[in-house]
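Using the working numbering, the letters of the sequence shown map in sequence onto residues 14 to 208.
Scroll down for the structure; my scribbles are underneath it.
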Amino acid sequence: MLVVASLAGRQAVLRYVYPFSYREEIITYADRNGLDPLFVAAIVRTESGFKPGAVSPKGAVGLMQIMPDTGRWAAENLGFAHFEPDMLKDPATNLMIGTWYLAELRKEFGSNLVLVVAAYNAGRGQVREWVKKDGYELRPGPHSTVSPWPGAEVTEDYPVAKLALAETRDYVRRVLASLKTYRRLYGPVLESGSS
């Protein structure tokens with residue numbers, strides 16, 4: 014009995030440290046963009062700790078810490094008019110734009126998980142330069158048919174150690190570790206369809 018209570022207590026602590034707030038919105042926009050909602054939750058946790066009004070020192074805004082220029086570009090591509098950077102503080106708008114952007118990065122980086130996460134943090138141009146310098150042949154275009162993406166296997170499909178910035182290496186490792194934890198905590202709940 015004590016072991017069961019201890020495990021339940023550990024689960025409660027982990028769910029506190031790894032929250033899944035805005036679950037409905039995350040699932041909606043992740044599904045719309047062919048993404049695993051738990052991957053999106055891992056990005057949100059790492060970016061803002063689920064704080065919708067968060068603004069970074071560099072000016073990134075909201076749950077998924079989207080730069081206003083990226084938000085404007087995404088909004089144009091998504092076809093909604095009159096974009097204002099303050100809209101990024103709205104959780105639904107931020108998640109709509111952030112998941113669309115992740116899906117674009119997935120296409121650009123050929124569904125390479127490490128590179129997609131690195132590009133989300135450091136910028137797509139920066140990551141393209143790193144892989145080019147490394148001699149890695151990037152094969153964009155048709156992405157994996159695995160949906161929701163990433164698939165069940167969370168692997169280092171590009172060596173994290175080869176990413177040029179320590180901040181980005183740390184970021185990628187944190188997102189991948191968070192994704193594994195989110196899947197352990199919430200995967201069975203999502204699979205069963207309960208909340």
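Don't be surprised by glycine CBs; every beta carbon is placed ideally from N, CA and C.
Mapping DSSP to helix, strand and coil, what is residue i?
i    : result
L108 : helix
L76  : coil
V68  : strand
L189 : helix
L178 : coil
L151 : coil
P98  : helix
V167 : coil
Y35  : coil
D183 : helix
G92  : coil
P172 : coil
G123 : coil
G138 : helix
G206 : coil
G62  : coil
What does the Cβ neighbour count give for residue i, buried or exposed, with the cut at 16 atoms within 10 Å?
i    : result
D82  : exposed
T168 : exposed
A165 : exposed
A3   : Any question about residue 3 goes unanswered here, given that the chain covers just 14 to 208.
L51  : buried
R111 : Checking the displayed sequence, the identity of residue 111 turns out to be Gly instead of Arg. Answer is buried; the Cβ neighbour count reaches 16.
A87  : buried
S61  : buried
G148 : exposed
R119 : buried
V129 : buried
E38  : buried
N90  : exposed
E121 : buried
G138 : exposed
R23  : exposed
A21  : exposed
In terms of residue numbering, what span does the alpha helix (DSSP H) encompassing residue i cover?
i    : result
A131 : L126 to A135
List the residues that DSSP assigns as beta-bridge partners of residue i.
i   : result
W86 : Note: W86 sits in no beta bridge, so no partner.
L48 : W162
Assuming residue i contacts residue j (C-beta within less than 8 Å), just tell me the rounded distance between them.
i    : j    : result
Y35  : F63  : 7 Å
T59  : Y184 : 7 Å
W143 : A179 : Their Cβ separation, rounded to whole angstroms, is 13 Å, which puts W143 and A179 out of contact at 8 Å.
D170 : L126 : 5 Å
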